[in-house]
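Below: the structure, in structure tokens.
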Amino acid sequence: MKYPFSLLTLIFMAILTGCTSTAENAPVDNYITHDGNLAIIWKDPNQYTDIESTIWLQSKFTPYLFTELTEELGKQVNPVLGKDQKLDIMVTNLDLAGDVQPTFGASADDIRVVSELYPPKINFDYSLSQNGKVIKSGSEKLQNMSFLFGIQPITSQPFAYESDLLKKWFKKEIKPDLIKR
């Protein structure tokens, strides 16, 4: 009778030990997205402040989010950059506008509540190069505290607030330098 109890205890301990693996050993998953002369590395998105999905599987939502943001910025970047120019961005943090709140059983999915309390934020490093030579680089911490003020266009564009942050940054910080060249 003592043997089955010891075996059961050993199995239970093995299960608990397997569940307590450290995050240090977990590989870092980076995503890379491209659109013409724009390349974005989404560095360790598991550490981002908030990229939580509400109705999709997170594994499907994350690549969709990154692809959409890259394509929207690419619409601004590619017409302006020359063939020999490239913009590389490494995103280190992303916080989507709003906050995911539970519905407490009212529906199967949680909802994203968008209010001025939860503005969109994005942190990244960038490098603009021409013929392989860096002509401008830096780090940015963008946020728009007044993203809900003013006239809001009716759009079906996903991630409009985050796209707007990136587009405004490009128009202000990068485009003027390109026009001078």
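Under mature numbering (1 follows the signal peptide of the UniProt record, and there is no 0), residues -23 to -1, 1 to 158 are what the sequence shown spells out, in order. Think of the CB as a built atom: it goes at the ideal place given N, C-alpha and C, for glycine as much as any other residue.
Report task. Determine, using beta carbons only, whether I17 and T10 come nearer to each other than 7 Å. Result -> yes
Report task. Measure from the alpha carbon of Q62 to the alpha carbon of each residue in L15, G51 and Y103, then state which is nearest. Result -> L15
Requested in this report: Would you kindly work out how many angstroms separate the C-alpha atoms of L143 and L50, rounded to a whole number?
Outcome: 7 Å
**Report entry** Whole alpha helix (DSSP H) elements within the region 17 to 71, 4-residue minimum
**Finding:** DSSP runs (the alpha helix (DSSP H)) wholly in the region 17 to 71: 35 to 54.
Query - Rounded straight-line distance, which links the Cα of P79 to that of Q107 - result: 48 Å
Requested in this report: Just the C-alpha distance for V91 and L73, rounded to the nearest angstrom, thanks.
Outcome: 9 Å
Query - Reference E48; option with closest CA among G75, I151, F101 and D141 - result: Measuring C-alpha to C-alpha distances from E48 to each of G75, I151, F101 and D141 identifies D141 as the nearest.
**Report entry** Which of helix, strand or coil DSSP assigns to L143
**Finding:** helix
Query raised in the report: Can you tell me whether DSSP reads Y95 as helix, strand or coil?
Result: coil
**Report entry** Selection from F38, M67 and E45 that minimises the alpha carbon distance to G115
**Finding:** M67
**Report entry** D76 in three-state terms, based on DSSP
**Finding:** The answer is strand: DSSP assigns D76 an E or B state.
Report task. Run the CB neighbour count on I32, radius 10 Å, all protein chains shown included, and call it buried at 16 or more, exposed below. Result -> exposed
Report task. Hey, could you find the ends of the beta strand (DSSP E) T10 is sitting in? Result -> Y8 to D12
**Report entry** E117: first and last residue of the uninterrupted beta strand (DSSP E) it sits in
**Finding:** K110 to Q120
Requested in this report: Using alpha carbons as the reference points, say which of L119, K145, F136 and I151 lies closest to N70.
Outcome: If we check each option's Cα against that of N70, L119 comes out closest.
Query raised in the report: Opposite Q107 in the DSSP bridges: which residues?
Result: Q62 and K110
Query raised in the report: Contact check, F124 vs Y138 under 8 Å by CB: the rounded distance?
Result: 5 Å
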